[in-house]
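Everything on this sheet refers to the single structure shown next.
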Amino acid sequence: MNKIRKSIFTLLSLIFSFTINANAEAYLWKATEIEGVVLYEGDFYGPFREELNNGKYTTFDWFANFAPGYQEYVYGEYYYGNSVWVEVYGMPQDEPTLKIGTRYGIIKDVGNILNGSNIIIGKIYRFFVPKKSVNSNPTFGQVDVNDTLRVYDGIQIKFEAGIR
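The sequence shown maps to residues -22 to -1, 1 to 142 in mature numbering (1 follows the signal peptide of the UniProt record, and there is no 0).
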């Protein structure tokens, strides 16, 4: 009898936790890092990553990643751009949408976020935001990234940071 009570309690606890996690407002949407080339004290460094904070500006002057070997193949050709990692805690029904200025990010990788017990507690997405085609031989001014990064849950903005 005691085993049955434990089983019912465990089942009700699971149902309760799934119900709480089904609420989209409870999800944590976070753009964690941006990768590209930075200009610091007159020199270029890259590829370099910086952690992003909601409502804040980045520390460095950012450029699309024009380091050799870091171009991404999208839209039928190679592009210089930036990679951005987005973490979503909870199990959302829709994938996030990412935008820097008017350019949308393309999901390149998706992975699971696991807790200490190897239970999936969210997803991590790697977006690539194409800036300029490699074939166009862009100038430094054309690969400059100076805009606002936004993450949407499909409709609403969930994260916003300034890129300078």
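Just so it is clear, CB atoms sit at the ideal spot from N, CA and C, and this is done for glycine as well.
query, result
"With three or more beta-carbon pairs closer than 8 Å as the criterion, would you say the stretch 68 to 85 touches the stretch 13 to 27?", "no"
"Can the beta-carbon of TRP7 be found closer than 8 Å to that of LYS86?", "no"
"Measuring straight from C-alpha to C-alpha, what distance separates ASN124 and VAL16?", "12 Å"
"Can you tell me which of the three DSSP states ASN31 falls into?", "coil"
"Can you give me the C-alpha to C-alpha distance between LEU(-12) and ASP131, rounded to a whole angstrom?", "Residue placement at LEU(-12) is poorly supported in this model, since its pLDDT is 41, which falls under 50; the coordinates still yield a value, given next. Going by the C-alpha atoms only, they are around 30 Å apart."
"Would you kindly work out how many angstroms separate the C-alpha atoms of GLU11 and VAL62, rounded to a whole number?", "6 Å"
"Of the residues ASN93, GLY59, GLN49, VAL52, which one's Cα is nearest the Cα of TYR67?", "ASN93"
"Measuring CB to CB, does VAL52 end up less than 8 Å from PHE105?", "no"
"Just the C-alpha distance for residue 170 and PHE38, rounded to the nearest angstrom, thanks.", "Nothing about residue 170 can be reported from this structure: the residues present for the chain run from -22 to 142 only."
"Work out the CA separation of THR117 and GLU55 for me, nearest whole Å.", "18 Å"
"In three-state DSSP terms, what is GLY132?", "coil"
"Looking at the structure shown, is SER114 part of a helix, part of a strand, or coil, going by DSSP?", "helix"
"Is GLY140 helix, strand or coil by DSSP?", "strand"
"Can you have a look at SER(-6) and say buried or exposed, based on whether 16 or more other CB atoms are within 10 angstroms of its CB?", "For SER(-6), the predicted structure reports a pLDDT of 40, less than 50, and the residue's modelled location is therefore unreliable. A value from the coordinates is still provided. By the neighbour-count rule (16 or more Cβ atoms within 10 Å), SER(-6) is not buried but exposed."
"CB-CB under 8 Å to ILE98, same chain, minus the five flanking residues each way: which ones, in chain order?", "MET69, ASN90, ILE91, LEU92"
"Apply the 10 Å Cβ neighbour rule to THR36 and answer buried if 16 or more other Cβ atoms are within range, or exposed otherwise.", "buried"
"Excluding five sequence neighbours on each side, which residues of the same chain lie with their C-beta closer than 6 Å to the C-beta of LYS110?", "TYR58, PRO116, GLN120, VAL121"
"Using the beta-carbon count (16 or more within 10 Å), is GLU29 buried or exposed?", "exposed"
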